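Chains as they are written, first to last, in our numbering: chain A, 544 to 950; chain B, 76 to 158.
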């Protein structure tokens, strides 16, 4: 018995998967060849679970800028911005983000996780009310605990349930903040943001949207779901990350709130951590520029998203409700999910195995995310592999396939 | 235990039965997770059904203090009083 014995149930669950002959957490790439290809156990593998939506991790200009900044300013800042000061790149990236979103203010955090921790814990505190979608990302739940606000969950993507809960708080003192995500990371479904914005206006609450998976993916210029559904004016704060469409690491928040900069004095996850290294900042600035200059990336991404979603649905698989770059396939049980994941890997396709409680329902998921950099051939190879494994495991009946095609 | 919490226990039992889709026997000492074998998703669905029934919202920190049916009855009573 050690001090960590209290987590034995998690280890037991992991061991159960391990005993089936695989270790999802020990996948080690010998090499990564491109945004869409890696080498696993000496074999070329299609990467279909990386959130690398625009495929910018290998963009020559992004790499060049990163090298240049590292050579000029070193590998790290070795401290926080309040203690060690900001580099010009931190300020430049904040200006670029504010301009891109058409907002007055922007703030950069060291990770997307810390952006949610830092913003949520600062916007609401003791005596305030935080209204979270029940399927919120872990960083939102963790951020909600850091600020001591009263946390109330509403049913996933259910504006009526949100309204009901805000109505119960009518006349209760304290600020109210609604938090939703542009695209939910497990099933790839979007928030009903128009309706949520309506609830926000009716009730006088504040609205924060986490566009982690929708930046560079949704909206005419890639600003996310709020742009796509035309409610940017109702969104008080947008949080996002650099680690998906922008191909690096880091997080941010943008807003028009006139008191925004006070967050730099009170947001502990911003203040007490080292700032992003110059090389990361430089590639992110370039990726943000390319994202705006190359709308074709978004078109290619959505073409691939539709192709994979429609292809898997036609085979008879149960997929998420919308064709977005996250395409999740619902598995009947954990044994089949693990076997399916392993067989896909053996046939050269890597994606994410997600099991409860990380999934929104009690069912395990095979979660893939497509990239603008995937070729049509790669997408088709993945669909073929899915069909092959599905038939081998006997979870694709001929009837189901016909029904899928008829749809 | 007064009359209102006895009937509240009956109401809670029927909500449990709806969520779990099977008959349950509960007392104030029944442990919601251990005795009824609910997973985290089951607990969330159950809490939301309770919230609908009593027209209240139970904040997350209050839910984490609830272990038994008796704790739940107390939390619901306090929230209904606006405590």
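Even glycine gets a Cβ: it sits at the ideal position worked out from N, Cα and C.
Bear in mind that the values here come from a model prediction, so they are computed numbers and not experimental data.
Review point. When DSSP labels each residue in this structure, what does residue 621 of chain A get in the three-state scheme?
Key: Coil at residue 621 of chain A, not helix or strand.
Practice item. Could you list which residues in chain A have their beta carbon closer than 8 angstroms to that of residue 134 of chain B, in chain order? Key: Close partners of residue 134 of chain B in chain A (Cβ separation under 8 angstroms): 693, 694 and 695.
Review point. Shorter than 8 angstroms from the beta carbon of residue 82 of chain B to some beta carbon of chain A?
Key: For residue 82 of chain B, the answer is no, since every Cβ of chain A falls outside 8 angstroms of its Cβ.
**Study point:** Chain-ordered neighbours of residue 900 of chain A on chain B, where CB pairs are closer than 8 angstroms
**Key:** Result: 114, 115 and 116.
**Study point:** Complete alpha helix (DSSP H) runs within the region 612-667 of chain A (minimum length 4 residues, chain order)
**Key:** Along the region 612-667 of chain A, the alpha helix (DSSP H) occurs as fully enclosed runs of 4 or more residues at 624-627, 631-644 and 655-666, listed in sequence order.
Exercise for review: Classify residue 103 of chain B as helix, strand or coil using the three-state DSSP reduction.
Suggested key: Three-state DSSP puts residue 103 of chain B in coil, outside helix and strand.
Review point. Just curious, the beta strand (DSSP E) that residue 576 of chain A is in, first and last residue?
Key: Segment 572-577, the beta strand (DSSP E) holding residue 576 of chain A.
Review point. What residues in the region 886-898 of chain A bring their beta carbon closer than 7 angstroms to a beta carbon of chain B?
Key: Flagged: no residues at all.
Practice item. In the DSSP assignment, find the alpha helix (DSSP H) that holds residue 682 of chain A and state where it starts and stops. Key: For residue 682 of chain A, the enclosing alpha helix (DSSP H) stretches over residues 681-689.
Review point. Of the residues A/765, A/753, A/701 and A/706, which one's Cα is nearest the Cα of residue 728 of chain A?
Key: The shortest Cα separation from residue 728 of chain A among A/765, A/753, A/701 and A/706 belongs to A/753.
Review point. Going by the beta-carbon positions, is the gap between residue 93 of chain B and residue 124 of chain B smaller than 8 angstroms?
Key: Contact flag set, yes.
Review point. Any beta-carbon of chain B closer than 8 angstroms to the one on residue 700 of chain A?
Key: Residue 700 of chain A is outside the set of residues whose beta carbon lies under 8 angstroms from a beta carbon in chain B.
Review point. Secondary structure at residue 947 of chain A, three-state DSSP: helix, strand or coil?
Key: Here the model assigns residue 947 of chain A a pLDDT of 46, short of 50, so the residue's position is not dependable, and the following value carries that caveat. Assignment of residue 947 of chain A by DSSP, reduced to helix, strand and coil, places it in the helix class.
Practice item. Could you check which residue in A/900, A/920 and A/929 has the C-alpha nearest to that of residue 846 of chain A? Key: Relative to residue 846 of chain A, the option among A/900, A/920 and A/929 whose CA is nearest is A/920.
Review point. If we cut at 8 angstroms on Cβ distances, does residue 748 of chain A have a partner in chain B?
Key: False, the Cβ-Cβ gap to chain B never drops below 8 angstroms.
**Study point:** Positions along the region 702-716 of chain A whose CB lies within less than 7 angstroms of some CB in chain D
**Key:** No chain D is part of this structure, whose protein chains are labelled A and B.
Review point. Comparing alpha-carbon positions, which option in A/929, A/686, A/802 and A/764 lies nearest residue 589 of chain A?
Key: Out of A/929, A/686, A/802 and A/764, A/929 has the C-alpha closest to the C-alpha of residue 589 of chain A.
Check your understanding: Is there a Cβ from chain A that is less than 8 angstroms from the Cβ of residue 147 of chain B?
Key -> Not an interface residue.
Practice item. On a CA-only basis, which of A/874, A/820 and A/775 is nearest residue 861 of chain A? Give me that one, please. Key: Of the candidates A/874, A/820 and A/775, the residue whose Cα lies closest to the Cα of residue 861 of chain A is A/874.
Check your understanding: Going along chain A in order, which residues have a C-beta closer than 8 angstroms to the C-beta of residue 19 of chain B?
Key -> The structure shown has nothing for residue 19 of chain B, since chain B only spans 76 to 158.
Review point. Which partner residues of residue 726 of chain A appear in the DSSP bridge assignment?
Key: Answer is A/733.
Review point. From residue 1023 of chain A to residue 598 of chain A, what distance separates their C-alpha atoms?
Key: With chain A represented from 544 up to 950, any question about residue 1023 of chain A goes unanswered, as that position is not in the structure.
Review point. Nearest chain B C-beta to residue 555 of chain A closer than 8 angstroms, yes or no?
Key: Taking 8 angstroms as the threshold, the shortest C-beta distance from residue 555 of chain A to chain B does not fall below it.
Practice item. With 8 angstroms as the threshold, decide whether the Cβ of residue 551 of chain A is near any Cβ in chain B. Key: Under the 8 angstroms criterion on CB atoms, residue 551 of chain A is classed as non-interfacial with respect to chain B.
Point to revise | Own chain, CB closer than 6 angstroms to residue 573 of chain A, minus 5 neighbours either side, in chain order | key: Within the same chain, residue 573 of chain A has close Cβ partners 582.
Practice item. Kindly list, in the order they appear in chain B, the residues whose Cβ is closer than 9 angstroms to that of residue 905 of chain A. Key: Correct list: 114, 116 and 117.
Point to revise | Near-chain B residues of the region 670-686 of chain A (beta-carbon distance less than 7 angstroms), N- to C-terminal order | key: Residues passing the 7 angstroms Cβ filter: 677.
Review point. Is the beta carbon of residue 866 of chain A sitting closer than 8 angstroms to the one on residue 908 of chain A?
Key: No, they are not a contact pair.
Exercise for review: Taking all protein chains shown into account, decide if residue 148 of chain B is buried (16 or more other Cβ within 10 angstroms of its Cβ) or exposed.
Suggested key: Under this definition residue 148 of chain B is a buried residue.
Point to revise | As assigned by DSSP and simplified to three states, the class of residue 699 of chain A | key: Three-state result, residue 699 of chain A: coil.
Check your understanding: Which residue's Cα is closest to the Cα of residue 869 of chain A: A/605, A/904, A/852 and A/858?
Key -> Checked all of A/605, A/904, A/852 and A/858; the closest Cα to residue 869 of chain A is A/852.
Review point. Can residue 759 of chain A and residue 652 of chain A be called in contact, C-beta distance under 8 angstroms?
Key: No, the Cβ-Cβ distance between residue 759 of chain A and residue 652 of chain A is not below 8 angstroms.
**Study point:** residue 647 of chain A versus residue 140 of chain B: straight-line alpha-carbon distance, rounded
**Key:** Approximately 42 angstroms between the Cα atoms of the pair.
Review point. Is residue 962 of chain A buried or exposed, if buried means 16 or more other CB atoms sit within 10 Å of its CB?
Key: No answer is possible for residue 962 of chain A: it lies beyond the span of chain A, which begins at 544 and ends at 950.
Point to revise | Distance, residue 82 of chain B Cα to residue 756 of chain A Cα | key: Those two C-alpha atoms are separated by around 47 angstroms.
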